[in-house]
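This report refers to the structure that appears directly beneath it.
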Amino acid sequence: MRSFSIIFFILEIVNTFLVNNTAFFHNHDSIRQKRGILKNMRYIWSEKEIPYYVDSLLDPTLVKTALNRISKETCLIFRHKLEKNKALFIYLHNDHYETNLGRRREIPHKIYISLYLRDIGKIIRETMRALGVEYEHNRFDRIRHIIVKKKNIQPFFLKYFSQENAFFSTYYDTKYDHRSIMHFSQYEYTRTLQKVIISKDHLMQPFMGKSKYLTFNDAKILNEKYCSFPFINHLPCFYKGYQDPRIPNICKCLPYLTGNQCEIIRPNDPQCTQRMIFAEVERQKYIILRVGGKCTFYFRTKVGSRIMMNLKFLSIGNIDRGPCNEENSIEFKYKNDYSVSGFLFCPYKNEFNFTSLFHSITIVSNFPPTNAQLQVTFKKVKKPR
């Protein structure tokens, strides 16, 4: 009885500040399924263990690292082979990163990698495309999120920017993600040195095509097609969780949730401020958070109001000062679907000012243990009419 009360209390908290409507659950609409992986099973591989070959001019360690990042999030296994005729995928050198979408008649399947630009994210991207996952910027609903400047694209590569019909593929109840590993960068295949993709959310413009790891929804799309076990019973998954690809009787959860059904908030690491939930305030409030570990902080106000916030690092410990990426930043989640990747705020930036679109904001850090401090100033503001 006591455990049930604890779970119920946690669910009430999570429901208050993480969820504004039932869209955060499994609102799967069979009429408006979202495109992402090919529906036609002819183009999906039956194998879950994929032998691969790497051209002698390429770095096999880089390819192996990329494939390990896919394996870590899925049930798929990749085996390196020294002979082409024993492989299903072969990685060949080229000027660009490209491959055909899904399984085709020609076996082994050719995946081309640039000799001049080492990019582990693009190796993951093209491998997932070979597995049948479409580029994110080609989603049927992209018009709401990006503008594609076709006149700035090299003509031969226009085929990689084709928006397809929603009924050709399915996205398994995931929403558009600018930081998807499957998203092109703003200058990809440009012929004029001008942007080929412009985000309608200006905060996400610099992060398109920069990911080095699968996002939560990237892995979900791949797992739903290749790693689902419909004959193994498991309890319903909450908050965008889904059947775990390796332990199928439990759910795979967002990184800051846990429990067999994703029903429990994961505690912060010892290096983090232990308080996780900050409620609405009429007057401006100032706090200092320790963020030198795996930390999550939830800020919420009344439905219909917004949160005005300022972020500033006070100390960064031993955090890398290189280009902003998943490993040296905090993630600022401000959309009503928390499975969608957020804005990255890095320690070398002076400060960040933002007014939320909805009534909640979540800040997530994923640093190794270090002494990092973040100053947060926030208050409730009225939503414009």
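Count the sequence shown with mature numbering (1 follows the signal peptide of the UniProt record, and there is no 0) and you get residues -16 to -1, 1 to 369, in order.
Glycine included, every Cβ here is placed at the ideal spot set by N, Cα and C.
Annotated three-state conformation of TYR226 is strand, per DSSP. Here DSSP, grouped into helix, strand and coil, assigns ARG63 to strand.
With a cutoff of 8 Å on beta-carbon distance, ILE314 and LEU358 are scored as near each other. Sixteen is the threshold: since fewer than 16 other Cβ atoms of the shown chains lie within 10 Å of the Cβ of LYS366, the residue is exposed.
Annotation: the continuous alpha helix (DSSP H) that includes ASN201 extends over 200 to 210. When PHE73, LEU66, TYR96, ARG113 are compared, the shortest CA-CA separation from ASP79 is found for TYR96.
Distances from the CA of GLN178 to each of ALA356, GLN170, ASP185 were compared; the closest alpha carbon is that of GLN170. About 11 Å separates the beta carbon of ALA114 from that of PHE62, a gap too long to meet the 8 Å contact definition. In the structure shown, PRO139 falls within a helical segment according to DSSP collapsed to helix, strand and coil. Between LEU76 and CYS59, the alpha-carbon positions lie close to 25 Å from each other. Taking a C-beta distance under 8 Å as the contact criterion, GLN245 and PHE222 qualify as a contact pair. Taking C-alpha positions only, ARG267 is separated from LYS364 by approximately 7 Å. CA-to-CA, the gap between ILE165 and GLU31 works out to about 22 Å. In the structure shown, LEU51 adopts helical secondary structure according to DSSP, grouped into three states. Going by DSSP, ARG163 is part of no alpha helix (DSSP H) at all; its letter is neither H nor E. Excluding the 5 residues flanking it on each side, CYS256 has same chain C-beta neighbours closer than 6 Å at ARG274, GLY277, CYS279, in chain order. Taking C-beta separations shorter than 6 Å and ignoring five residues to either side along the sequence, the partners of TYR173 in its chain run ILE137, GLN138, PHE141, following chain order.
Counting the other Cβ atoms within 10 Å of the Cβ of SER323 gives 16 or more, which makes it buried.
When secondary structure is reduced to three states using DSSP, ARG290 falls in the strand class. For the pair ILE104 and ASP39, the Cα-to-Cα distance works out to about 16 Å. In the DSSP assignment, the residues bridged to GLU33 are ILE61. For the pair PHE168 and VAL360, the Cα-to-Cα distance works out to about 32 Å. Residue range 181 to 183 is occupied by the beta strand (DSSP E) that includes ILE182. In the three-state reduction of the DSSP assignment, GLU120 falls in the helix class. With 16 or more other CB atoms across the displayed protein chains lying within 10 angstroms of its CB, HIS162 is buried.
Each residue's CA atom was taken as its position, placing GLU310 and PRO239 some 13 Å apart. ILE91 and TYR100 have their C-alpha atoms some 26 Å from each other. For VAL348, the pairing in a beta bridge is given by DSSP as THR280, GLU315.
GLN268 carries a coil assignment under DSSP once its states are collapsed to helix, strand and coil.
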